[in-house]
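FYI, full-length UniProt numbering numbers position 251 of the sequence shown as 251, with every residue one higher than the one before it.
All C-beta atoms in this analysis are idealised placements derived from N, C-alpha and C, irrespective of residue type, glycine included.
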Amino acid sequence: MLGSRFDITKIGLVSLGLAIVVSGCTNVAQQNPQTIGAAPVASASTAVASGTEVPTGAASQPAATPAPAQFYEVQRGDTLSRIAQDHNCSVADLQTWNGLKRAGRLKAGQTLRLSPPDAGSTDASSQTAKPVNASSASNAAAASASSTSSASSANATDATTDTSAAPDPAVKRQVMAQTARHASRVALAWPAQGKVVESFQPGETRGIEISGKPGDPIRAAASGKVMYAGTGLNEYGSLIIVQHNKDFLTAYSHNRKLLVKTGDFVQQGQQIAEMGDENNSRVALLFEVRRDGKPVDPMPYLPGKQG
Numbered sequence: 001m002l003g004s005r006f007d008i009t010k011i012g013l014v015s016l017g018l019a020i021v022v023s024g025c026t027n028v029a030q031q032n033p034q035t036i037g038a039a040p041v042a043s044a045s046t047a048v049a050s051g052t053e054v055p056t057g058a059a060s061q062p063a064a065t066p067a068p069a070q071f072y073e074v075q076r077g078d079t080l081s082r083i084a085q086d087h088n089c090s091v092a093d094l095q096t097w098n099g100l101k102r103a104g105r106l107k108a109g110q111t112l113r114l115s116p117p118d119a120g121s122t123d124a125s126s127q128t129a130k131p132v133n134a135s136s137a138s139n140a141a142a143a144s145a146s147s148t149s150s151a152s153s154a155n156a157t158d159a160t161t162d163t164s165a166a167p168d169p170a171v172k173r174q175v176m177a178q179t180a181r182h183a184s185r186v187a188l189a190w191p192a193q194g195k196v197v198e199s200f201q202p203g204e205t206r207g208i209e210i211s212g213k214p215g216d217p218i219r220a221a222a223s224g225k226v227m228y229a230g231t232g233l234n235e236y237g238s239l240i241i242v243q244h245n246k247d248f249l250t251a252y253s254h255n256r257k258l259l260v261k262t263g264d265f266v267q268q269g270q271q272i273a274e275m276g277d278e279n280n281s282r283v284a285l286l287f288e289v290r291r292d293g294k295p296v297d298p299m300p301y302l303p304g305k306q307g
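Okay, here's the thing in structure tokens:
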């Protein structure tokens, strides 16, 4: 479905100053992401009547340019940031033009306005945009996250602080030592129980999506320090970022409720959130693994079976 690269150094600052930079990774881009421009609106081919004789001296009439689509029908798996990127507008624009709440849920089949209401009346049935290929939307998170990094600081306190039991001092010391080291791997546990409904595709998706029911537990895939917990990045909904060492971090998006706050130390398997569909079109966890700030496929780091 639901791009942006989490710079670990700056994420460290996020926990203090809460400024997230998602760089080098697209709204869905993964390893070695490439910046992709907004998707062009498909143009209709010009109809030419065959066999029609043009009178001598008749002025040549240029082909009419079709007007951009004014509406979009939400598809399963869409996010606001992806739609905004595809149609060259911002998430804030879509929310304003459609009266959407910041943490609102999109529904498949829902029609969204793609321009201000006063931009001209258009028949939604004839000017509804068709969904574009996911690869053309891969820069959504990067574009939006960059423009909202300052908002993340203001919204950091939005995170629910119903914190789970904190690790004892010995565990905390161990986690602190671990996060200060470099590592070539990280052993992860499944963060949620459910079916993987979207797999990792370099350049197209940021991670994997695991489906479930509202309120299902989301657990830390490995012990670490919470570098961010909040709602400052609209396309991610309620987001948690956990640093495990100097090279690896994990991200958990679209949660219904956060159970930890920035600065907390968590243990592997500890519940950190409840599954939801915030800023997503289905109830699912978007789970990302970042190595040196770049998105990588989570599957090689997860055990073969959930449990």
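Neighbour-count burial assignment, residue i, 16 or more Cβ in a 10 Å radius
i           : result
residue 52  : Residue placement at residue 52 is poorly supported in this model, since its pLDDT is 42, which falls under 50; the coordinates are not used for a value here.
residue 227 : buried
residue 27  : Its pLDDT being 37, under 50, residue 27 is placed unreliably by the model, and nothing is read from it.
residue 199 : exposed
residue 290 : buried
residue 108 : exposed
residue 207 : buried
residue 219 : buried
residue 261 : buried
residue 313 : What is shown of the chain runs 1 to 307, which leaves residue 313 out entirely.
residue 231 : buried
residue 213 : exposed
residue 173 : exposed
residue 176 : exposed
Own chain partners of residue i with C-beta closer than 7 Å, once the 5 adjacent residues on each side are dropped
i           : result
residue 292 : 247
residue 245 : 178, 179, 181, 182, 183 and 186
Those residues which DSSP pairs with residue i across a bridge
i           : result
residue 210 : 196 and 285
residue 246 : The partner list for residue 246 (beta bridge, DSSP) is empty, contrary to what the question assumes.
residue 253 : 286
residue 266 : 224
residue 294 : 291
Residue range of the unbroken alpha helix (DSSP H) whose run includes residue i
i           : result
residue 242 : Element bounds for residue 242: not the alpha helix (DSSP H) but the beta strand (DSSP E), 238–243.
residue 260 : It is not in any alpha helix (DSSP H) - residue 260 carries neither H nor E in the DSSP assignment.
residue 172 : 169–179
residue 82  : 80–86
Range covered by the beta strand (DSSP E) that runs through residue i
i           : result
residue 111 : 111–113
residue 226 : 224–230
residue 95  : Per DSSP, residue 95 belongs to no beta strand (DSSP E); it is in the alpha helix (DSSP H), 91–98.
residue 273 : 271–275
residue 219 : 217–219
residue 73  : 71–73
Any chain D beta carbon closer than 8 Å to residue i
i           : result
residue 194 : No chain D appears in this structure, which consists of one protein chain only.
Close-in-space but distant-in-sequence residues of the same chain around residue i (CB under 6 Å, 5 per side omitted)
i           : result
residue 211 : 194, 195, 197 and 284
residue 84  : 90, 91 and 94
Residues near residue i by beta carbon distance below 8 Å, same chain, minus five either side
i           : result
residue 171 : 223, 265 and 267
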